[in-house]
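Visitor: Let me begin by handing over the structure; questions about it come next.
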Amino acid sequence: MPRAMLIDTDTASDDAVALIMAARWPDVEIKAVTVVAGNVPVDQGVRNALYTLELCGSEAPVYRGSAEPLRRPLVTAEFFHGGDGLGDRGYPPPQRSPAEGDAVEAIVRTVRENPGLVLVTLGPLTNLARALEIAPDLASLVGRCIVMGGAACTVGNVTPAAEFNLWVDPDAARVVFESGVSIEMVGWELCRHEANLDDAEMAYVRGFDNPLARFAIDCNATALEANRRQSGDPGLGLPDPIAMGIALDPSICKRRSAHRVQLETESDLTRGMTVVDALEIHDYPHNKKVWGHLARPNAVVCWEIDVPAWKAMLFRSLRDG
Ligand code: RIB
Ligand code: CA
5 MPRAMLIDTD TASDDAVALI MAARWPDVEI KAVTVVAGNV PVDQGVRNAL
55 YTLELCGSEA PVYRGSAEPL RRPLVTAEFF HGGDGLGDRG YPPPQRSPAE
105 GDAVEAIVRT VRENPGLVLV TLGPLTNLAR ALEIAPDLAS LVGRCIVMGG
155 AACTVGNVTP AAEFNLWVDP DAARVVFESG VSIEMVGWEL CRHEANLDDA
205 EMAYVRGFDN PLARFAIDCN ATALEANRRQ SGDPGLGLPD PIAMGIALDP
255 SICKRRSAHR VQLETESDLT RGMTVVDALE IHDYPHNKKV WGHLARPNAV
305 VCWEIDVPAW KAMLFRSLRD G
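All residue numbers for the sequence shown refer to the working numbering, where the first residue is 5 and numbers rise by one.
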């Protein structure tokens, strides 16, 4: 019986590779792809998702979702992913149109029809927050919610304190992290350093000499240069494919622990920061009286991934494309 999956995405270049991994995974059925504004405006995200799924031969329905964060103006990331989010390679428009209906309603319907499904979020959490606000029962119906977002006890990538997805819509992130949904948090830090694809690995993927492999590398050309410039990392960081890897095979995360994770939503300096209670300070006897209500963990944080296993999984999904 294939595993039901719902993917919420702000489809740009690393999201596209994550979509390919899911579409090509043998025992996964993508029940819906819901698009949220983030990397690119929502209509561009819809176009990119449809194009990517067509490359994979997937008929999964794509729904248009939130065009703005819950309370803040949208800030996009074309500087990082290219004007179209896919490296400005001039890819043609998709053949298919988005499915009828709004992404938020699609999330509510799809989760209720597939209790226990795997929900993977690859962008700001606006759609999921809105779905949880109108249907709080979803929190107990979702089997696993793998969130690509946050920075666990480390630097951010869009501000010194915050990772892009949760910074774009910190209010939505707080709703989701306080909803009781079963979160596995995959911070951007997991895609850095040795988890980058280096030049040799990108050449190796190109060497597969098929449309999917070429697309996966080409659409990330802008992101490669931006990553090197922004973080000084050696190659291509792929945060969404790492989150997808953990969704497809939980053993890719080789060190994890449950903690209380709080979202800062007030100050411009630290909005979107994921404050992880890594030392269980809320649970200290002298703190219990004041902070005891925060002692309950609300997320499982992934601290380390099996990089070789993840890269092998990524290469497998691109090799026969
Ligand atoms: O911070 C990295 C995340 O922000 C990734 O999901 C990337 O696609 C952007 O959405
Ligand atoms: Ca994304």
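Glycine included, C-beta positions come from ideal geometry on N, C-alpha and C.
(1) Between which two residues does the beta strand (DSSP E) harbouring residue 266 extend?
(2) Following a CB-centred definition, is residue 47 positioned closer than 7 Å to any heavy atom of ligand 2?
(3) Alpha carbon to alpha carbon, how far is residue 32 from residue 88? Give it in angstroms, no decimals.
(4) Are the beta-carbon atoms of residue 238 and residue 291 separated by less than 8 Å?
(5) Given this structure, state the Cα-to-Cα distance separating residue 51 from residue 305, to the nearest angstrom.
(6) Leaving out five residues on either side along the sequence, give the residues of the same chain with a beta carbon under 6 Å from the beta carbon of residue 56.
(7) For ligand 2, I want to know if residue 231 counts as a neighbour, meaning its beta carbon is within less than 7 Å of at least one of the ligand's heavy atoms.
(8) Jot down the residue ranges of each uninterrupted beta strand (DSSP E) in the stretch 8-55, minimum 3 residues, whole runs only, in chain order.
(9) DSSP state of residue 305, grouped into three classes?
(10) Which of the three DSSP states, helix, strand or coil, is assigned to residue 5?
(11) Are the beta-carbon atoms of residue 44 and residue 70 separated by less than 8 Å?
(12) Residues bridged to residue 106 by DSSP?
(13) Got a sec? Which residues, its chain only, sit under 7 Å from residue 93 by beta carbon, not counting five neighbours each side?
(14) With DSSP as the reference, identify every bridge partner of residue 166, one or two as the case may be.
(15) Residue 126: which of 277, 165, 253, 154 sits nearest, CA to CA?
(16) For the stretch 229-247 and the stretch 283-298, state whether three or more C-beta atom pairs, one from each stretch, are separated by less than 8 Å.
(17) Which of the three DSSP states, helix, strand or coil, is assigned to residue 380?
Guide: This is what the structure gives:
(1) Segment 265-267, the beta strand (DSSP E) holding residue 266.
(2) Not under cutoff, so the answer is no.
(3) Note on geometry: alpha-carbon atoms of residue 88 and residue 32 lie some 28 Å from one another.
(4) No; because the gap between Cβ atoms is not below 8 Å, this pair is not in contact.
(5) Counting only the Cα atoms, residue 305 lies some 32 Å from residue 51.
(6) Excluding its 5 nearest sequence neighbours in each direction, residue 56 has C-beta neighbours in its own chain below 6 Å: 20, 23, listed in chain order.
(7) Every heavy atom of ligand 2 is 7 Å or more from the Cβ of residue 231, so no.
(8) If we require 3 residues or more, the beta strand (DSSP E) runs fully inside the stretch 8-55 come out as 32-39.
(9) Strand, per DSSP.
(10) Three-state DSSP puts residue 5 in coil, outside helix and strand.
(11) If you check the CB distance, residue 44 and residue 70 do not come in under 8 Å.
(12) Partner(s): 68.
(13) Sequence-distant partners of residue 93 (beyond 5 residues in either direction) whose C-beta falls short of 7 Å from its own C-beta, in its chain, are 222, 223.
(14) Assignment of beta-bridge partners to residue 166 by DSSP yields no partner.
(15) 154 is the residue among 277, 165, 253, 154 whose C-alpha sits nearest the C-alpha of residue 126.
(16) Verdict: no, contact absent.
(17) Nothing about residue 380 can be reported from this structure: the residues present for the chain run from 5 to 325 only.
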